[in-house]
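Oh and the sequence shown: position 337 is 337 in the numbering used here, straight run, nothing missing.
Every residue, glycine too, gets a C-beta built ideally from N, C-alpha and C.
Owing to the predicted nature of the structure, the values given are computational and were not obtained by experimental measurement.
Okay, so here's the structure we're looking at.
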Amino acid sequence: KKGAYPYYMLKEIDEQPGVMRTLIQEYFNEDGSVKIDQELLDALSKADRLYIVAAGTSYHAGLVGKELFEKLVHIPTEIHVASEFAYNPPLLSEKPFFIFLTQSGETADSRQVLTQVNEWGYPSLTITNVANSTLSREATYTLLLHAGPEIAVASTKAYTAQIALEAILVKAYGEAKDIKAAKDFDVAVELTKVANGMQELVDEKGDIEKVAQDMFATTRNAFYIGRGVDYALAQEAALKLKEVSYVQTEGFASGELKHGTIALIEEGTPVVAIITDPKTAAHTRSNAQEVIARGANVLFISSRDVAAEGDQIILPEVDPLLSPLVSVVPTQLLAYYVSLQRGYDVDKPRNLAKSVTVE
Ligand code: F6R
1 KKGAYPYYML
11 KEIDEQPGVM
21 RTLIQEYFNE
31 DGSVKIDQEL
41 LDALSKADRL
51 YIVAAGTSYH
61 AGLVGKELFE
71 KLVHIPTEIH
81 VASEFAYNPP
91 LLSEKPFFIF
101 LTQSGETADS
111 RQVLTQVNEW
121 GYPSLTITNV
131 ANSTLSREAT
141 YTLLLHAGPE
151 IAVASTKAYT
161 AQIALEAILV
171 KAYGEAKDIK
181 AAKDFDVAVE
191 LTKVANGMQE
201 LVDEKGDIEK
211 VAQDMFATTR
221 NAFYIGRGVD
231 YALAQEAALK
241 LKEVSYVQTE
251 GFASGELKHG
261 TIALIEEGTP
271 VVAIITDPKT
281 AAHTRSNAQE
291 VIARGANVLF
301 ISSRDVAAEG
311 DQIILPEVDP
321 LLSPLVSVVP
331 TQLLAYYVSL
341 QRGYDVDKPR
351 NLAKSVTVE
């Protein structure tokens, strides 16, 4: 039931702080230890490389997962688009472990890869929102997202739940392997900070509604730029905007734009710069200046610690690796309001289905 909400998408955006809290309840014991099946952790520990396989928004959650696994527990992690993996698999390591990220658990492209993985005899984990879904039944292990039903076609709370659960899994793996960076990473505390930060952002949705009106009312194209996890977020933010508002949007690595695509910047083209990482903040800002010099209308979304005077949206501070969990919120809201203001059916964008069960 969407109750007082005009659309499920808005309701599901608003539910995200609660989803973070549910995940903490589901996956942490009273003593603070992580509640994840030991057998799964043993199987993961034996792997020499992880292969994350997913489509669409779930793929974008996987991009962040790769950063978490590599930075915190130092295990090489590849991320693959399911439909590409299916016909053009990469060279595999000796002991691969597969992670399928899928909200619905029914995506045909991902199912096809899992069938292949099972024929090869490799271990696998499905991270899904739907218990007993096909990908859950066919994988060796399952972890549930506990995000509650996601009705709007555009995925929002499943994306943030996937990233949060990846962080929890990384923590459990790091504890099992006695890795210092993971032991020092207090995921329950960090996710609580995230939940509070998300709440601040959804409470200020009026700011985004205004930005949508001021900057996106008539535009036909737009860009998101960022580096590192902000680049991963840029790709998800771009998908969200284009799928519900039909504004052609690209998510770009900040430094890559000038290698060709900057040719598309015209007077008034909206460019959203996502800046959360102190290491690269200055570089992304200088890329933003390059587009401003060509007429772009730049919206800065930055974390409090790296914010500059004039930045329009300020994000609450969270662990840098978890920043997509908060930076995604204004981008979801932006997609929602641009679609709403153009008079579209936000929950049912044209040409799309909630789960893509054909190849
Ligand atoms: C975008 C969206 C899709 C899905 C993709 C994978 O908002 O919802 O890109 O993320 O079709 O679906 P699942 O996660 O169910 O495998």
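CB contact flag (residue i, residue j, <9 Å)
i, j, result
"G228", "T280", "yes"
"Q312", "D178", "no"
"V291", "L257", "yes"
"V34", "V187", "yes"
"S58", "L101", "yes"
"A238", "P123", "no"
"M198", "N297", "no"
"L72", "K171", "yes"
"I163", "P324", "yes"
"V64", "E209", "no"
"T276", "V306", "yes"
"V19", "T192", "no"
Cβ-heavy atom distance, residue i to the ligand F6R, below 8 Å
i, result
"Q235", "no"
"T140", "no"
"K240", "yes"
"E104", "According to the sequence provided, residue 104 is Ser. The question's Glu does not apply to it. At least one heavy atom of the ligand F6R is nearer than 8 Å to the Cβ of S104, so yes."
"L91", "no"
"G62", "no"
"S327", "no"
"S155", "yes"
"A158", "yes"
"S58", "yes"
"L144", "no"
"T107", "yes"
"V356", "yes"
"E243", "yes"
"A131", "no"
Residue i versus residue j - alpha carbon distance
i, j, result
"S83", "A54", "9 Å"
"P96", "G121", "10 Å"
"A263", "T269", "11 Å"
"T331", "L241", "8 Å"
"D109", "K348", "22 Å"
"R294", "I314", "25 Å"
"H146", "T218", "38 Å"
"E267", "R304", "29 Å"
"I99", "V247", "32 Å"
"P447", "V81", "Nothing about residue 447 can be read from this structure; the chain reaches only from 1 to 359."
"A182", "N351", "42 Å"
"L68", "T107", "24 Å"
"A273", "H74", "29 Å"
"E26", "V194", "17 Å"
Reduced DSSP secondary structure (H/G/I, E/B, other) of residue i
i, result
"P330", "helix"
"Y141", "strand"
"I265", "coil"
"S355", "coil"
"I36", "coil"
"F185", "coil"
"A131", "coil"
"P76", "coil"
"S93", "coil"
"I225", "strand"
"S323", "coil"
"N287", "helix"
"S389", "Since the first residue of the chain shown is 1 and the last is 359, residue 389 is not available in this structure."
"I314", "strand"
"I179", "coil"
"A253", "strand"
"V247", "coil"
"P17", "helix"
"V202", "helix"
"R49", "strand"
Residue i: CB within 8 Å of a non-hydrogen atom of the ligand FMN
i, result
"S110", "Within the structure as shown, the ligand FMN is missing, the only ligands being the ligand F6R."
Spell out a yes or no on whether the stretch 89-104 and the stretch 202-218 are touching, meaning 3 or more CB-CB pairs, one atom from each, closer than 8 Å.
No, because fewer than three Cβ pairs between the stretch 89-104 and the stretch 202-218 fall closer than 8 Å, the two stretches do not touch.
Three-pair Cβ contact test at 8 Å for the stretch 142-161 versus the stretch 323-340
yes
For the stretch 210-224 against the stretch 252-272, are there 3 or more C-beta pairs whose distance is under 8 Å?
Three or more Cβ pairs closer than 8 Å define a contact, and the stretch 210-224 meets that threshold against the stretch 252-272.
How do the stretch 122-130 and the stretch 139-152 stand: do at least 3 beta-carbon pairs fall below 8 Å, yes or no?
Counting Cβ pairs under 8 Å, three or more are found: they touch.
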